[in-house]
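Chemist: Note that the sequence shown covers residues 374 to 481 in this note's numbering.
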Amino acid sequence: MRLIALWFGTVMCLLTSCEGGRSVDSRVDAAPNLAQASRNYILKCSVCHGADGAPVLLTAPDLRTSTLDLDEREAIIAYGKGTMPPHQAMLSKAEIRDLALYIEEFRH
Ligand code: HEC
Numbered sequence: 374m375r376l377i378a379l380w381f382g383t384v385m386c387l388l389t390s391c392e393g394g395r396s397v398d399s400r401v402d403a404a405p406n407l408a409q410a411s412r413n414y415i416l417k418c419s420v421c422h423g424a425d426g427a428p429v430l431l432t433a434p435d436l437r438t439s440t441l442d443l444d445e446r447e448a449i450i451a452y453g454k455g456t457m458p459p460h461q462a463m464l465s466k467a468e469i470r471d472l473a474l475y476i477e478e479f480r481h
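#1: How many whole angstroms separate the CB atoms of GLN461 and TYR475, which I take to be in contact at a CB cut-off of 8 Å?
#2: LEU430 and CYS421 look like a contact to me (Cβ under 8 Å); what is the Cβ gap, rounded to whole Å?
#3: Just the C-alpha distance for ALA448 and HIS481, rounded to the nearest angstrom, thanks.
#4: Do you know offhand how far LYS454's Cα is from SER465's?
#5: In chain order, what residues of the same chain lie with their CB nearer than 7 Å to the CB of ILE510, ignoring the 5 residues before and after it?
#6: Do ALA427 and ARG437 have their C-beta atoms within less than 8 Å of each other?
#7: For GLU445, report the span of its alpha helix (DSSP H) as first-last.
#8: Whose CA, out of GLU477, PRO405, PRO434, ALA433, lies closest to the CA of ASP442?
#9: Determine the direct distance from the alpha carbon of ASP435 to that of ALA404, and round the result to whole angstroms.
#10: Can ALA451 be considered in contact with the ligand NAD, in the sense that its beta carbon sits closer than 7 Å to one or more heavy atoms?
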């Protein structure tokens with residue numbers, strides 16, 4: 374358990390402050406960074422939504438069959454809903470938009 378916590382801490386560090394990620398990501402109109410969205414998804418979403426959108430947490434919707442549009446997904450990721458926590462404090466607008474785009478891949 375402690376090893377996992379240590380690993381998680383290191384990865385978080387790589388992805389956020391240590392990399393200075395925020396400044397790189399303050400683009401909103403730039404091309405989506407789906408590779409980074411994929412990493413963010415694994416770290417911040419897969420605990421509940423599963424690695425491929427098939428829910429791990431029983432109350433989480435199946436992202437493979439979600440019909441929400443891009444704006445609706447962005448809003449839920451940013452502000453949360455029900456037991457889903459908000460993510461606007463830990464992700465930039467661009468990162469949230471990229472995640473909303475990224476999870477669309479689960480539908481195919
Ligand atoms: C603690 C568990 C948890 C985490 C972490 C989590 N979610 Fe959720 N998510 C939920 C639950 C529960 C709902 C259902 C909310 C409701 O409708 O009441 C939900 C709903 C959603 C929806 C709406 C789907 C639909 O069709 O209604 C999207 C999109 C979504 N989450 C994406 C994400 C993304 C992207 C992340 C990572 C940034 C994330 N979630 C992190 C639990 C979680």
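All residues carry an ideal CB built from backbone N, CA and C; glycine is no exception.
Modeler: Quick look at the numbers:
#1: Within the sequence shown, numbered from 1, the residue matching residue 461 stands at position 88. Within the sequence shown, numbered from 1, the residue matching residue 475 stands at position 102. Not confirmed; about 17 Å, so no contact.
#2: Against the sequence shown, residue 430 aligns to sequence position 57. Against the sequence shown, residue 421 aligns to sequence position 48. Right, their Cβ atoms sit about 4 Å apart.
#3: For the purposes of this step, residue 448 is identified with residue 75 of the sequence shown, where counting begins at 1. For the purposes of this step, residue 481 is identified with residue 108 of the sequence shown, where counting begins at 1. Each residue's Cα considered, the two are about 22 Å apart.
#4: The sequence position of residue 454 within the sequence shown is 81, counting from 1. The sequence position of residue 465 within the sequence shown is 92, counting from 1. For LYS454 and SER465, the distance between alpha carbons rounds to 18 Å.
#5: The structure shown does not extend to residue 510, since the chain is modelled only from 374 through 481, so no value can be given for it.
#6: For the purposes of this step, residue 427 is taken as residue 54 along the sequence shown, with counting starting at 1. For the purposes of this step, residue 437 is taken as residue 64 along the sequence shown, with counting starting at 1. Taking 8 Å as the Cβ cut-off, ALA427 and ARG437 qualify as a contacting pair.
#7: Within the sequence shown, the letter at position 72 stands for residue 445. Per DSSP, GLU445 belongs to the alpha helix (DSSP H) from 443-452.
#8: Taking the first residue of the sequence shown as 1, we reach residue 442 at position 69. That would be GLU477, whose Cα lies nearest to the Cα of ASP442.
#9: Within the sequence shown, numbered from 1, the residue matching residue 404 stands at position 31. Within the sequence shown, numbered from 1, the residue matching residue 435 stands at position 62. Going by the C-alpha atoms only, they are around 27 Å apart.
#10: In terms of ligand content, the structure shown lacks the ligand NAD and carries the ligand HEC instead.
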